[in-house]
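Peer 1: Under my numbering, the first residue of the sequence shown carries the number -3, and numbering increases by one thereafter.
Here it is, the structure in full.
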Amino acid sequence: MNRRLMIAASMAGLMAPMLARAAASDAGDAAVLAPITALDAALIALMKQGSKGENFKQRYDTLMPVIAKIYDLDMILSVSVGLIWSQIPAAQQATLKQVFAAYTVATYVSSFDSYNGQRFTEQKTVRVLGPRRIVATQLVPKTGKPVDLDYVMTQIGADWRITDVLFDGTISKVATQRSDFSGLVMPGDASKLIAALRKKVATLSGGAITVN
């Protein structure tokens, strides 16, 4: 084997594991990005439904299974409540999970209520933050300044799910909720938070959604 062939063979041997790692990384990034792509598509569809005059409950019922699949709402709720979560009775925890899911979906339906050429863009490079991943996206209006929405993704079993949203790249939704919820939960009692979230859902939906 001449010198050039020996060098080529050596380089191929060095490159093979690097290419394998790159392929694995690409596949991993695709798995992280997939839920965000699905969410963006669902939100565009939601806005178009609002423009067509479909009522709040129809859009709410359409979005609920998407949010339930893509978000880890139980984790977000427990972190938003904080350490006091473990002191809340099981029955209240179960009710709070239902009301919080309704509140999350109702907030989306209320916020994304009409379509005027908006679109989402996603950065294809996923940032690594310890065991979590950050997916940077923008909501780009037809005119005006884009809104930065960075999603914090956590692997739950085989799936990647949203566990926080950073508005403008820095403002944590979970941290904001923790501040909002702090005065509404007492050791052993989350009744005030449950009542507050129920009221929020009713207000956002114009009374179309009620949670027992």
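Ideal placement from N, C-alpha and C gives every residue a C-beta, glycine not left out.
#1: Measure the alpha-carbon distance for Thr91 versus Asn208 and round it to whole angstroms.
#2: Helix, strand or coil: how does DSSP classify Ile190 here?
#3: Below 7 Å CB to CB, which residues in the same chain sit around Arg17 once its five sequence neighbours on both sides are set aside?
#4: Assuming Ala98 and Val181 form a contact by the criterion Cβ under 8 Å, report the distance between their Cβ atoms to the nearest whole angstrom.
#5: What does the Cβ neighbour count give for Gln119, buried or exposed, with the cut at 16 atoms within 10 Å?
#6: Mapping DSSP to helix, strand and coil, what is Asp68?
#7: Which runs of the beta strand (DSSP E), 3 residues or longer, sit entirely within the stretch 137 to 197?
#8: Spatial neighbours of Ser21 within its chain, please: CB distance less than 8 Å, with the 5 preceding and 5 following residues excluded, ordered by chain position.
#9: When you compare only the Cα positions, how much space is there between Lys48 and Ser175?
#10: Count the other C-beta atoms from every protein chain shown that fall within 10 angstroms of the C-beta of Thr139, then say buried if there are 16 or more, exposed otherwise.
#11: So, for Ser168: in the same chain, excluding its five sequence neighbours on each side, which residues have a beta-carbon less than 7 Å away from its beta-carbon?
#12: Buried or exposed for Leu69, please, with buried defined as at least 16 other CB atoms from any protein chain shown within 10 angstroms of its CB.
#13: Identify the residues that DSSP records as bridge partners of Thr117: which are they?
#14: Between the Cα of Ala171 and the Cα atoms of Val148, Gln94, Val136, Pro183, which residue gives the shortest distance?
#15: I need the DSSP call for Val207, collapsed to helix, strand or coil.
Peer 2: Walking through what the data contain:
#1: Taking the sequence shown and counting its residues from 1, the one referred to as residue 91 is at position 95. Taking the sequence shown and counting its residues from 1, the one referred to as residue 208 is at position 212. C-alpha separation (whole angstroms): 8 Å.
#2: Within the sequence shown, the letter at position 194 stands for residue 190. Judged by DSSP in its simplified three-state form, Ile190 adopts helix.
#3: Locating residue 17 in the sequence shown gives position 21, counting from the first residue. Here the model assigns Arg17 a pLDDT of 35, short of 50, so the residue's position is not dependable, and the following value carries that caveat. In its own chain, leaving out the 5 sequence neighbours on each side, no residue places its CB closer than 7 Å to the CB of Arg17.
#4: Start at 1 with the first residue of the sequence shown, and residue 98 comes out as number 102. Start at 1 with the first residue of the sequence shown, and residue 181 comes out as number 185. Separation of the CB atoms of Ala98 and Val181 is rounded to 18 Å, and the pair is thereby denied contact status at 8 Å.
#5: The count along the sequence shown starts at 1 and reaches residue 119 at position 123. When all chains shown are included, Gln119 counts as exposed.
#6: In the sequence shown, the residue the question calls residue 68 occupies position 72. In the structure shown, the three-state DSSP call for Asp68 is coil.
#7: Whole beta strand (DSSP E) segments, 3+ residues: 143 to 152, 155 to 163.
#8: Position 25 of the sequence shown, counting from 1, holds the residue named residue 21. Since pLDDT at Ser21 reaches only 49, below the 50 mark, its modelled position is unreliable, and the value read off the structure follows with that caveat. Within the same chain, Ser21 has no close Cβ partners at all.
#9: By one-based count along the sequence shown, residue 48 stands at place 52. By one-based count along the sequence shown, residue 175 stands at place 179. A straight-line Cα-Cα distance of about 36 Å links Lys48 and Ser175.
#10: Reading the sequence shown from its first residue, position 143 is the one you call residue 139. Burial is judged here by how many other beta carbons sit within 10 angstroms of a residue's own beta carbon; Thr139 has fewer than 16 and is exposed.
#11: Here residue 168 is taken as the residue at index 172 of the sequence shown, counted from 1. Only Asp160, Leu162 meet the Cβ criterion.
#12: For the purposes of this step, residue 69 is taken as the residue at position 73 of the sequence shown. A residue is called buried when at least 16 other Cβ atoms come within 10 angstroms of its Cβ; Leu69 meets this threshold and is buried.
#13: As a working mapping, residue 117 is identified with position 121 in the sequence shown. Answer by DSSP bridge pairing, in chain order: Gln134.
#14: As a working note, residue 171 is residue 175 in the sequence shown. The shortest C-alpha separation from Ala171 is found at Val148.
#15: Within the sequence shown, residue 207 is the residue found at index 211, counting from 1. Coil, per DSSP.
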